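Per the UniProt record's numbering, residue 1 is the first one in the sequence shown, and the count goes up by one each step. A short worksheet on the structure shown next.
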Amino acid sequence: MTTKELYTKGARIWIPHPELVWEGAEVVENYVAATLKVKTEDGKIKSIKVPKEENLPPLRNPDILIGENDLTSLSYLHEPAVLYNLQVRFCNQNAIYTYCGIVLVAINPYTELPIYDTDTIHTYRGKAMGDLDPHIFAVAEEAYTKMEREQRDQSIIVSGESGAGKTVSAKYAMRYFATVGGSTTETHVERKVLASSPIMEAIGNAKTTRNDNSSRFGKFIELQFSRTYNIIGASMRTYLLEKSRVVFQAPEERNYHILYQLCAGREEYPYLKLDDATIYRYLSQEAVIPGVDDAQCFQETISALVTLGFSERKITDIFRVLASILHLGNINITGVNDMDDSSIPEADSHLLILAELLGVDVQELRKWLCLRRIVSRREVFEKPMTLTEAMGARDALAKYIYAELFSWIVQIINRTLETSSGARHKFIGVLDIYGFETFEINSFEQFCINYANEKLQQQFNQHVFKLEQEEYLREDIEWKFIDFYDNQPCIDLIETKLGILDLLDEECRMPKGSDSSWVEKLYSTCTKWPHFSKPRFGTNAFVIKHFADRVEYEALGFLEKNRDTVVEEQVEVLRSGNNRLVRSLFRDDNKLSVSTIPAAPVPKTRVVVTSKSAPSSNTSSLSKNKKTVGSQFRSSLNALMSTLNATTPHYIRCIKPNDRKLAFEYNAPRAVQQLRACGVLETIRISAAGFPSRWPCLDFFNRYRVLCRSQDIKRDNMRSTCECILVNFIKDNDRFKFGKTKIFFRAGQVAYLERLRSERLRHCCIIMQKTIRGFLQRKRYLRVIHATRTLQRVARGFVARRRVNHIRRNLAAIRIQKCVRGWVRRVKYVRLKQVILGLQARGRGLLMRRKFMEMKYNKAALIIQKNVRAWICRKNYQQKMKKVIVAQNAVRRFLARRKLKELKKEARTVQHHIALNKGLENKIIQLQQQIGELTKENNSLKTVNNELNETRAKLEVLRGADVQLKKRLVQLSDQEKKLKEVASELEKERSEKIDLVTEKETLLNEYNTKKKQWTIENLELKEQINHLNEQIQNNRINVEQSLRARLDSEKQQLLQEHEQDLDNYQKVLCEKTDLEARCDTLERELTRMKGGKVGNCSFSDSSSFLSQDDSMATLINEMQEEDFGYGSVRSASSRNTDRSSDWSAQTTPESTMNRSKAVAMSQESVPTDALSVDVGLVLKLQQKLKFVEKERHRLHRRLEEHDDLPGEHKAQDNFKLQELEMENSKLRADLMTLRNTVAESIPG
């Protein structure tokens, strides 16, 4: 296909853009020589001058190929196509991985993606590369599968600039191998391999302006597999640790993470005497990374160290060394004698802490931080260092200590992960190293990094070319040698004899070697190399043309960094300390780079001769045999390349999409720069030089079968069918080649076939549209005819139905009128009949009710008249009788009072009082004793009550235990239900989740154990309840027995008191008889003085006699009332009762007569059986009865408060209550008996 056919109107192309690098455009007019008119995507028309056809802008790929997961499948393979395809996948599809042949291009998304879990690992397990979407797991699976299939070591090379995601990609690859190749033994090597990552990140990563977690060293990790392809060990090799970062960091950058983590966790290690990170000179002011907790990371680092077998002492020693580096940086070195000498103050706290942490001599350390030793042939001089030299030596010592500690930790990790050589079968290496770097100022570090990338790019080119050649040979394709960029001349410039590294080592060995003299040698020796040139400006720089870009290196500092010198005396001081770790770090003398200074005189310098002996042979041998950093790196790099060449490599190129660390933001200039630097575009160019597009015959036929006729298709020979298609449309046979299974196309041929296919499909679409449109119009006409006829049929039916409905409505209306008129007449008749019958019934009822009420009123009037007349008569009679009785009572009361006064005067004599007081004093003493005994009894009853309360409290506790027991029984039933549900679920999912069987067994065991425990606890609680019930019952029995015993004793005491009271009562009766006799004599004398006759008395005399008898009875009662105050046995209630009875007796004449008879009978002697009853005993029994009733009421209230007691306890309480009530009833019966006896003893 000619150029004019490609660049016709409508063709889409790429044109350069100053900001976007490339911009899409469309050809407006057909291509004419030297001019191409295009229209950009923003609508602008441009004319592009094309002096030659080779300068035509690149064509765009068809839309079907946009977003392909493999860049080599694009029809047009060039820079804009690759850049645009990556942008579409990254921004539109959020796909961060894309294949580029054998290379996996990984773009850093700057956010967490859920595509690295265990399920994803198992998804890619066993799948060939290309079966699924591009992924780092696919590359890892390809390496693992080839190791199994081909029995050859594999390697994964991860490269890219800082911040592109190299370390994370290597970590995910190792995680895949640890998951797929994890062993089932107890060693868990894969866990230790993953645990090494946080340690290496802590001691080897730092924050830079491009990356918050930038790896400042390169590493090659070998994962060692056994014959069963399980991980059994690992080893690690490191390259180019950035030691200068220990003492200096650029703005907005940090030192290594471990130093900040140590300051954040300083509280756990107070003996390190650390402070906040901002006060240390070696730690920049950028002390915090947003979103990162240094204290938490410090704990993760400690956990990883423990996992890898670091002992507590080793961890402590590591932290001591790291803290000593921080204190070393804060040592205050001051200049004296116009800055020619230097010194350290005696009270420098950081120096003292440093000596304490490392266990070295403070004075020796202070001395050699300010002095250095100069060795001549016969003498050794001690020369003071200037302030600048002393600070430089201090910083060199800090870098040296950190580098040695870093190497020691790596060595310990390798020793932990190593395995025996016999058990190791194959390995997979993961190389995580710097990508190509170019900055405004490039120094020795960038030179070594770019040198390593030149070696890796050469190995990559050779491998890609070899694979391309193998593909052509396998498909039996004739091919020609592909011209690709060979960077061997650039490598020769650096590493061959009299190359840059040789001249650098030679200059380092020169006594007066300097950076400027070295650059002069480069200018004179290396200008013959095409890849070397001088810069336009400056004499201390040189330019090397690398495969990615031209880089200008600043020669200042090359010699110092290559020598990596440190003052030997300072190292000797550290080696002589008592810190075991520090001594082990510096015991290998071959690793020490000694600072050798010639013995030339230095002006204005004080030199002290310390020894006249010649230097030792050991020192001279060290000076001669030491290796520079460049030579060490070249040796380790050659060893690495030998290892990689012996393996099957797999490549991962990491791309940093933007410098602002924003998620899914694509910066085209930055991406193009990295694609050029990592060799992806060179890979594409190599592929485009041959046959980049490759289609299997069957896939080609399925895609492009529309380009051939049906008779040309041969189902049994797809190759001839495809050949027929290609011969008809591609005339030049060199544009395609047939292999054994595939068809190979030159660049642009697939796009041409896609264009033909789209035109054929467009033509077919037009034919299909024509046919379908005619079909649709016919269908539409038929639908209109059918709809018209349907409408006519519906309208005619509607008119006929409306007429029939009208006729039916008329007939229905006539029938309704007939029914309604009949219903109205019937309703009127029924209503009128009901009204007439109701009026008749109510009229007759009214007349009868009036007649009945008249008869009722007449009868009631007669009854009222009869009752009123009887009441008036009774009222008059009662008033008259009441007046008579009042008059009689008044007279009799007057006479009795007068007589009583006289008797009282006689009774109040001294002898009478003495006789009465004797019995009363004894009674008072007895009553006081009874009060004391009753107090004791009351206290004992209170004690019993307290014990009963305690017993009830224990009963409440047992009730709570019973409630808990019920709850546990409910929980037990719930657990049984849950167990049944779990058992049913286990039966359903047994085939899929075998691990749940063990969980079920553990649950059953736990349930059985808990059930046994609950059963035992239940039995114990029941036993406790029974025991407490027995205790309660025993306590109640004891209380009852004690109460009964006390009642018996009280009864006996009361009986004894009763006998004593009988004696006193006899005495009182004797006195009474004497008083009665005296009263008789007084009455006789009174009657004799009046001269009245007793025998001839009238009714009035009898009434006066009765009044005298009443006065005597009243006198006796008053005497008894007076005696009550002196210990009488009568109570107030009995007095009130007697008074009320006397008053009621005075209300009638019959009561008056009875009272006189009672007084007459009282004057006679009383029988002895009646006098045997004691009133005091009755009173005490009444008090006891009141107490028992109060106790009964109190027990009733307590029983009502505890109605929720169990049935057994309630029954016991009821039984006790019944016993008390029976005893109460007995006491009541006894009391009634005593009362009756007293009542019978009184006559009348």
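Just so it is clear, CB atoms sit at the ideal spot from N, CA and C, and this is done for glycine as well. Remember, predicted model here, so these are calculated numbers, not experimental data.
Own chain, CB closer than 7 Å to residue i, minus 5 neighbours either side, in chain order
i       : result
Arg-249 : As written in the sequence, residue 249 is Gln, which differs from the Arg given in the question. Correct list, in chain order: Asn-255 and Ser-284.
Gly-233 : Val-189, Gln-224, Leu-417, Glu-418, Thr-419 and Arg-424
Gly-165 : Ala-106, Asn-108 and Cys-654
Pro-51  : Ala-34
Ala-323 : Leu-262, Leu-272, Leu-274 and Leu-357
Arg-394 : Leu-328, Ile-331, Ile-333 and Leu-369
Ala-264 : Asp-294, Ala-295 and Phe-298
Lys-954 : Leu-1028
One or two residues paired with residue i in a DSSP bridge
i       : result
Pro-649 : Ser-155
Arg-694 : Phe-744
Thr-40  : Ala-25
Arg-372 : Lys-383
Pro-58  : According to DSSP, which records beta bridges pairwise, Pro-58 is partnered with nothing at all.
Ala-206 : Ser-214 and Tyr-256
Gly-499 : Note: Gly-499 sits in no beta bridge, so no partner.
Gly-335 : Ser-342
Tyr-829 : Bridge partners of Tyr-829: none, in fact.
Asp-432 : Val-158 and Lys-219
Cys-654 : Ala-106
Phe-542 : Tyr-553
Asn-442 : Tyr-553
Residue range of the unbroken beta strand (DSSP E) whose run includes residue i
i       : result
Val-551 : 550-554
Nearest-angstrom Cα separation, counted from residue j out to residue i
i        : j        : result
Ser-73   : Met-174  : 29 Å
Tyr-239  : Asp-361  : 34 Å
Pro-134  : Arg-703  : 23 Å
Glu-854  : Met-848  : 10 Å
Lys-455  : Asn-30   : 46 Å
Cys-873  : Arg-897  : 37 Å
Leu-726  : Phe-465  : 28 Å
Thr-89   : Arg-709  : A small correction: the amino acid at residue 89 is Arg; Thr does not occupy that position in the sequence shown. Cα-Cα distance, rounded: 37 Å.
Glu-41   : Val-82   : 19 Å
Ala-287  : Tyr-260  : 7 Å
Cys-100  : Leu-776  : 49 Å
Ala-663  : Pro-657  : 9 Å
Tyr-282  : Gly-24   : 51 Å
Met-1153 : Ala-1229 : Reliability of the predicted coordinates at Met-1153 is poor, the pLDDT of 42 falling under 50, and no value is obtained from them.
Asp-975  : Arg-191  : Going by the sequence as given, residue 975 is Gln instead of Asp. Those two C-alpha atoms are separated by around 38 Å.
Leu-1227 : Asn-1034 : 26 Å
Pro-16   : Phe-460  : 29 Å
Span of the alpha helix (DSSP H), counted from its first residue to its last, around residue i
i       : result
Gln-711 : Per DSSP, Gln-711 belongs to no alpha helix (DSSP H) and is neither H nor E.
Leu-559 : 558-563
Ala-304 : 294-307
Asp-341 : From DSSP, Asp-341 is part of no alpha helix (DSSP H) but of the beta strand (DSSP E) over 341-343.
Ile-136 : 136-150
Thr-123 : 118-124
Val-360 : Note, Val-360: premise wrong, no alpha helix (DSSP H); not H, not E.
Ile-725 : 718-729
Tyr-271 : Here Tyr-271 belongs to no alpha helix (DSSP H), and DSSP marks it neither H nor E.
Neighbourhood of residue i by C-beta, 6 Å cutoff - its chain only, sequence neighbours within 5 removed
i       : result
His-350 : His-327, Asn-330 and Ile-331
Ser-720 : Lys-714
Trp-529 : Leu-493
Own chain, CB closer than 8 Å to residue i, minus 5 neighbours either side, in chain order
i       : result
Thr-316 : Tyr-269
- Could you tell me whether the region 332-345 touches the region 292-306, using the rule of 3 or more Cβ pairs below 8 Å? No, they do not touch.
- Query: If we count Cβ pairs, one from each stretch, closer than 8 Å, do we get three or more for the region 629-637 versus the region 501-511?
  - Reply: Short answer: they touch.
- Message: Quick check: the region 113-129 against the region 389-405, are at least 3 beta-carbon pairs closer than 8 Å?
- Response: Flag = no, the region 389-405 and the region 113-129 do not touch.
- Answer yes if the region 150-158 comes into contact with the region 425-433, meaning at least three C-beta pairs across the two stretches below 8 Å, and no otherwise. They touch, by the three-pair rule.
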